[in-house]
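Residues 4 to 352 in the numbering used here are what the sequence shown spells out, letter by letter. These notes concern the structure reproduced below.
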Amino acid sequence: MATSILITGGAGYIGSHALVEFLAAGYRPIVVDNFCNSSPDVLRRVEALTGFPVVWHRGDVRDEGMLNAVFSQARQEGMPIDCVVHFAGLKAVGESVAQPLDYYDNNVHGSVVLLRAMDRAQVKRIVFSSSATVYGEPLSLPYTESHPLAPANPYGRTKAMVEAVLADWCASDAARTAVNLRYFNPIGAHPSGKIGESPRGTPNNLFPYITQVAVGKRAKLSVFGNDYPTSDGTGVRDYLHVSDLAMGHVKAVEYASRVAPGCFAFNLGTGRGTSVLELIRTFETATGRPVPYEILARRPGDVAQMWADPTAAHEKLGWWASRSIEDMCRDGWRWQSQNPDGYAECPTI
Ligand code: NAD
Ligand code: UD1
């Protein structure tokens with residue numbers, strides 16, 4: 004019988020790609036999402052893409068009663084939830100500086116409420132969406148999981164706090180397992196072009212900005228700084244294909260079910276850095292679309308460069324990223340060009 008897993012935030016950018024991979028791997032995912040940054044249309048598209056029905060509930064992870072009902076219902080159906088994959092949260096760094104309490108409430112309080120509901124339902128395993136941002140300014144590169152955690156903004160601090168909560172949660176019961184996945188920079192979209200990233204308003208991150216310039220929604224890209232100590236002066240990041248990242252969650256759930264209980268952290272990245280200008284040029288070559296840009300001042304709070312050491316994920320989870328920057332550009336462009344207005348104005352499937 005298929006194993007049930009609860010996916011919070013399963014209609015979001017990364018969650019929806021993970022949902023596709025869990026369905027393909029034979030799991031029975033149950034989505035809880037309040038759609039504050041997504042839409043139910045995403046789930047209909049996942050159903051059309053995979054040919055599997057998606058079980059979902061509109062709800063907020065801070066609503067313990069709703070979560071209790073979701074866990075109970077799965078148990079009554081004879082398919083109790085075995086593991087939770089926790090994507091739900093807010094993720095914009097600038098917004099977290101302006102509205103820190105929203106971030107502590109949603110990301111930290113929401114995780115605590117979720118753990119309480121898990122305790123009540125006696126669910127012992129969780130995979131958590133952490134971020135490379137927990138490391139802060141790199142003391143050495145690549146980051147390994149033992150690099151000190153020194154997040155530089157409220158968003159990053161919420162991720163480090165939840166990791167600390169999960170460590171204490173595991174320490175208080177010898178049967179509990181938490182797997183913290185520290186993502187580097189996921190970009191691109193499912194190769195089908197049916198699901199992808201659909202930021203509300205002006206994109207904060209580089210790749211969706213590039214695709215919106217390429218599709219003609221924005222005149223030009225602003226490159227934030229060309230005076231960093233990097234090969235061409237622009238910022239360097241470890242971009243990974245969102246479908247590779249999604250697969251990391253299937254591997255993490257498998258790991259959580261076979262490993263001796265405990266609290267673990269893994270970097271999910273490629274181990275390679277790409278500069279802003281390299282990404283622009285690769286996008287232009289891979290898609291044939293020009294990306295006009297201008298150089299502006301550095302963005303406050305940015306680090307010059309960062310990339311992962313993904314060795315632990317390779318050795319322990321059996322995961323590695325296989326898709327190239329060209330693949331990320333082609334797939335991201337397919338999504339953007341076929342859905343110029345994201346989910347909002349796409350025909351409902
Ligand atoms: P997203 O905003 O696309 O997805 C988050 C989903 O969670 C959305 O569908 C949203 O509606 C839902 N949600 C938010 N708050 C909720 C709540 N209280 N209750 C129920 N649902 C709620 O973001 P994403 O890019 O898919 O990121 C997923 C997770 O990964 C987040 O926790 C994010 O912080 C983390 N992360 C993302 C990145 C990245 O580059 N995208 C990098 C590192 C970590
Ligand atoms: C940002 C967040 C990080 C989060 C990650 C993924 C900050 C400080 N950090 O990381 O916490 O985990 O997104 O959601 O916001 N750039 C431009 N022009 C743009 C946008 C970005 O030149 O319009 C540059 C940046 O200066 C950086 C690179 O592109 O060098 C990548 O930026 P971005 O996509 O925002 O990711 P991060 O800064 O790595």
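Cβ atoms here follow ideal geometry from the backbone N, Cα and C, with glycine treated the same way.
Residue of the options minimising C-alpha distance to residue i
| i | options | result |
| --- | --- | --- |
| N249 | A5, L9, V23, R221 | Rather than Asn, the amino acid found at residue 249 in this sequence is Ala. A249 has its Cα closest to that of V23, out of A5, L9, V23, R221. |
| Q102 | K127, Y158, D85, A77 | Y158 |
| L9 | V45, K319, A177, P32 | P32 |
| E329 | Q341, D108, S260, I283 | I283 |
| E148 | A135, A155, H193 | A135 |
| F90 | T11, T288, V216, W336 | T11 |
| S234 | F269, T277, D305, V88 | T277 |
| D44 | Y258, V115, G15, N71 | G15 |
| I129 | G92, E98, C86 | C86 |
| A307 | K127, K94, L144, E98 | L144 |
| R160 | V73, M121, V111 | V111 |
| G199 | A28, D176, S41 | S41 |
| Y346 | A155, Q79, F38 | F38 |
Short Cβ contact (8 Å threshold) for residue i with residue j
| i | j | result |
| --- | --- | --- |
| V35 | G62 | yes |
| D247 | R326 | yes |
| G196 | H244 | no |
| V2 | I213 | Since the first residue of the chain shown is 4 and the last is 352, residue 2 is not available in this structure. |
| A311 | Y107 | no |
| V64 | G113 | yes |
| A51 | Y30 | no |
| R203 | N270 | no |
| V57 | I84 | no |
| V216 | S340 | no |
| V116 | E80 | no |
| E256 | V88 | First, the amino acid is wrong: residue 256 is Val here, not Glu. Yes, they are a contact pair. |
Residue i to residue j span [Cα, whole Å]
| i | j | result |
| --- | --- | --- |
| D230 | C266 | 40 Å |
| L104 | P303 | 21 Å |
| G251 | L26 | 14 Å |
| P343 | V239 | 27 Å |
| C173 | T180 | 6 Å |
| T351 | R48 | At T351 the pLDDT is 43, less than 50, meaning the model places this residue with poor confidence and gives no usable figure here. |
| F227 | R301 | 5 Å |
| R333 | T285 | 10 Å |
| G236 | N188 | 19 Å |
| A259 | V253 | 10 Å |
| S75 | W322 | 33 Å |
| L70 | L118 | 10 Å |
| G13 | E297 | 36 Å |
| L280 | H193 | 24 Å |
| E348 | R221 | Low confidence applies here, because E348 scores a pLDDT of 42, under 50, leaving its location unreliable and the question unanswered by this model. |
| R78 | L46 | 23 Å |
Presumed contact (8 Å Cβ cut-off) between residue i and residue j, rounded CB distance
| i | j | result |
| --- | --- | --- |
| M82 | S7 | 5 Å |
| V137 | K162 | 5 Å |
| R292 | W338 | Contact doesn't hold; Cβ gap of about 13 Å is too wide. |
| S133 | G92 | Wrong, their Cβ atoms sit about 10 Å apart, outside the cutoff. |
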